[in-house]
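Heads up: the sequence shown begins at 3 in my numbering, then just goes up one per residue.
Step one of this worksheet: look at the structure below.
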Amino acid sequence: MLSSTPSIQGQILELRVTGCRKLRDTEIFSRQDPYVIVEYANTKLRTRTCTDGGRNPSFDEKFQIPLVDGLRELNVLVWNSNTINNDDFIGSCRVPLHKVLASGYDDASWPLQTRRMKSAGEVTLIMHFDVAAMKNKMGGKTGAQYAPSMPAPSPYAASSAYPAPAGYPAATPHQAYPAPYPAPSAYSTPPPQQPYGQACPPQPYGQPYPPQPYGQPYPPQPYGQPYPPPSAAQSPYPPAPYPGAYPPRPY
């Protein structure tokens, strides 16, 4: 798998310390003599002492720093050189290398601070980095170095120490068992079921349900009315005259 961050191991960073401005003055009666120390990994570089440099010393010194993967920051300290007593600490700062490693150039002034986080002036640095050389070095490496490691083939995969397993014997054909019961007869088939809600057997059209008792006329006659109507010989009324009103209407 390719790394998202290019390696800077062994690449060279060119650093130029030009000078300082508005330094904190550690001397009372004389001018201070500043110098700069640059720390990176196990590398520690020191400029010459700018005698009577005061608050605005000038150095203009160049250094070459071999870079290390995982460390992209410089530690810069400014001191005042003393002949008799110990040197006086003026200020320090941390300088990130992201810009110079990406574009190949960085020219800026970095603010210095005392151990109590107070302003102590600034230091000016110019940095160069060969980005093309880093890309060429990355491109010259074989892809196998970055390719994910593939597991080695198992020695058991192609081993012929054991014979191939034999196939199972073919299954015997299925033997049908004799039927214990005779086949059902066609006459024993039950009659088809009637649909849900259908009378069984269906009644003729107009037949009331449930059926009327035996001897009951249909449809039922009004109370006292015989069925069928009596004949003329059995009628209790005298026969009517030739068609006309009965009794005749008076004039």
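Glycine included, C-beta positions come from ideal geometry on N, C-alpha and C.
Since this is a predicted model, take the numbers as computed values, not measurements.
Would you check if the distance between the CB atom of residue i and the CB atom of residue j is smaller than 8 Å?
| i | j | result |
| --- | --- | --- |
| threonine 45 | isoleucine 67 | yes |
| glycine 56 | arginine 33 | yes |
| serine 94 | leucine 73 | no |
| methionine 136 | leucine 15 | no |
| glycine 123 | leucine 25 | yes |
Closer than 7 Å by C-beta to residue i: which residues in its own chain qualify, once you throw out the five before and the five after it? Chain order, please.
| i | result |
| --- | --- |
| aspartate 90 | Thr28, Trp81, Asn82, Asn84 |
| glycine 145 | Bear in mind that a pLDDT of 45 at glycine 145, under 50, signals an unreliable position, so the number given afterwards is only what the model happens to contain. Excluding positions up to five away in sequence, the list is empty. |
| valine 1 | In the structure as shown, the chain begins at 3 and stops at 253. Residue 1 is therefore absent and cannot be evaluated. |
| lysine 120 | none |
What distance in whole Å lies between the Cβ atoms of residue j and residue i, which are believed to be in contact at a cut-off of 8 Å?
| i | j | result |
| --- | --- | --- |
| tryptophan 112 | valine 133 | Not really, about 22 Å apart at Cβ, beyond 8 Å. |
| valine 40 | leucine 76 | 6 Å |
| phenylalanine 65 | leucine 47 | 5 Å |
| cysteine 52 | tyrosine 37 | 7 Å |
Within its chain, find whatever has a CB closer than 8 Å to the CB of residue i; leave out the 5 residues flanking it on each side and keep chain order.
| i | result |
| --- | --- |
| alanine 110 | Thr126, Leu127 |
| histidine 100 | Arg74 |
| asparagine 58 | Gly21, Cys22, Arg23, Lys24, Leu25 |
| phenylalanine 31 | none |
Excluding five sequence neighbours on each side, which residues of the same chain lie with their C-beta closer than 6 Å to the C-beta of residue i?
| i | result |
| --- | --- |
| aspartate 62 | Thr20 |
| glutamine 11 | Asp71 |
| serine 60 | Gly21 |
| aspartate 54 | Arg33 |
| serine 9 | Asp71 |
| threonine 116 | Gly93, Ala122 |
| leucine 69 | Ile10, Gln13, Leu15 |
| asparagine 87 | none |
Using the rule of at least 16 other Cβ atoms within 10 Å of the residue's Cβ for burial, across every protein chain shown, is residue i buried or exposed?
| i | result |
| --- | --- |
| serine 105 | exposed |
| methionine 140 | exposed |
| phenylalanine 131 | buried |
| aspartate 108 | buried |
| aspartate 255 | With the chain covering 3 to 253 only, the question about residue 255 has no answer from this structure. |
| isoleucine 92 | buried |
query: Which residue spans inside the stretch 6 to 84 form an unbroken beta strand (DSSP E) run of at least 3?
result: You should have 14 to 23, 36 to 42, 45 to 48, 60 to 68, 75 to 82.
- prompt: Where are the alpha helix (DSSP H) runs, 4 residues long or more, that stay fully inside the stretch 81 to 125, in chain order?
  reply: Complete alpha helix (DSSP H) runs here, min 4: 100 to 105.
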